[in-house]
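In full-length UniProt numbering, the protein residues as written are 290 to 614.
Glycine is no exception: its CB is placed at the ideal position from the N, C-alpha and C atoms.
Please read these numbers as outputs of a predicted model, since none were measured by experiment.
See structure below.
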Ligand code: SF4
Ligand code: MG
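Rendered as structure tokens:
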């Protein structure tokens, strides 16, 4: 089976006062059908821009370049046919559904509109499907709720409806950018469980963007860690805590409580500031904050190299970071 999504050497740049700024600089990964991959990193790491570039949502004067950017075998860049493909097989879920829904239109009608536009469904069938999708994302009283306006939904219910809207066209891929960040912990857990269930039931692939590594590991098979516009580590979500080799991934993990043991560790703050995309450093972008940094690190940026079990890591001293306790 072919790859669902192929991203090779993706770059996103914007004009800046001192020349172009490139907040995404050479991101490469692929997704299989039904696979669930998380992209994690601090704000400004380029994770949202990566998602927007895949969705063809980077606006002028932003510029997207890639060696390859293919979805379902179709090149996305400079290809007009891609609009239709993205409309039917691809769904994007954002942090705040309030901004994605039209406040003046009933929820059911907005969902139905997707089926009408992209699948040519008649209004009655489309509305029936909308109610069905609301039921699928466990909105209680879906038929009644379909006739309500977005402001009549709680934040968590809106996010469910947003995911339901994404499911209107049987997508092959859902890209969710911080879908639970605005929600409280209990609701967040419900929405993450929903994403997991949706994936299992509909065999849809998920690309989940989050600043919170504990969120992505609840949903994803694989985790891509981004720092300063690049992937610095690519590893399985299982055994994340023991498997991480990049000092930045380790630092992200140290900042969240260990859910496997329920032992609440003190919140470790990663010292120093995230790299500024306008002034990328010469060597490893993480060097100013890294306790392992050597002269080699500040002189030359480490490439993202394949490691054991299909992992990838970009660190000169990944071997030294070694086995954790
Ligand atoms: Fe730290 Fe050097 Fe590895 Fe960068 S390459 S993460 S500075 S040890
Ligand atoms: Mg973001």
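- A contact is defined here as three or more CB-CB pairs under 8 angstroms, and the segment 367-386 fails this definition with respect to the segment 315-331.
- Following the DSSP letters along the chain, one finds residue 465 inside the beta strand (DSSP E) bounded by residues 462-466.
- By DSSP's assignment, residue 515 forms a beta bridge with 520.
- Under the three-state reduction of DSSP output, residue 403 falls in the helix class.
- Within a 10 Å sphere around the beta-carbon of residue 433 sit fewer than 16 other beta-carbons, which makes this residue exposed.
- Around the beta carbon of residue 460, 16 or more other beta carbons lie within 10 angstroms, which makes this residue buried.
- With a beta-carbon spacing of about 17 angstroms, residue 320 and residue 527 fall beyond the 8 angstroms limit used to define contacts.
- The Cβ-Cβ distance between residue 524 and residue 447 does not fall below 8 angstroms.
- For the segment 424-500, the full-length alpha helix (DSSP H) segments reaching 4 residues or more read 431-434, 444-455, 474-491 along the chain.
- When secondary structure is reduced to three states using DSSP, residue 379 falls in the strand class.
- Only exposed fits residue 571, as fewer than 16 other CB atoms lie within 10 angstroms of its CB.
- Here residue 393 is exposed. Its C-beta has fewer than 16 other C-beta atoms within 10 Å.
- Going by C-alpha positions, residue 415 is about 14 angstroms away from residue 424.
- By the neighbour-count criterion, in which 16 or more other beta carbons inside 10 Å mark a residue as buried, residue 517 falls on the buried side.
- Listed by position along the chain, the residues with Cβ atoms less than 5 angstroms from a non-hydrogen atom of the ligand SF4 are 536, 573, 575, 576, 579, 581, 582, 586, 591, 604, 605, 606.
- The beta carbon of residue 338 is closer than 6 angstroms to those of 301, 312, 313 in its chain, skipping five residues each way along the sequence.
- Here residue 536 carries a helix assignment [DSSP, helix/strand/coil].
- Closest in C-alpha terms to residue 440, from the list 388, 364, 471, comes 388.
- The segment 461-478 makes no contact with the segment 401-419, as fewer than three CB pairs between them are under 8 angstroms.
- The C-alpha of residue 610 is placed about 31 angstroms away from the C-alpha of residue 470.
- In this structure the segment 495-509 touches the segment 322-334; the number of beta carbon pairs closer than 8 angstroms is three or more.
- The continuous stretches of alpha helix (DSSP H) do not include residue 294, which lies in the beta strand (DSSP E) extending over residues 294-303.
- Scanning 505, 375, 364, 438 for the CA closest to the CA of residue 400 turns up 438.
- Residues 572, 573, 576, 605 of the same chain have their beta carbon placed closer than 6 angstroms to that of residue 586, with the five preceding and five following residues left out of the count.
- Cα atoms of residue 563 and residue 578: separation of roughly 8 angstroms, rounded to the nearest angstrom.
- Of the residues 482, 486, 515, 489, the one whose Cα lies closest to the Cα of residue 504 is 482.
- When the alpha-carbon of residue 511 is set against those of 473, 309, 325, the nearest one is in 325.
- Rounded to the nearest whole angstrom, the CA to CA distance from residue 590 to residue 488 is 36 angstroms.
- Here DSSP, grouped into helix, strand and coil, assigns residue 592 to coil.
- In the three-state reduction of the DSSP assignment, residue 545 falls in the coil class.
- In the structure shown, the three-state DSSP call for residue 393 is coil.
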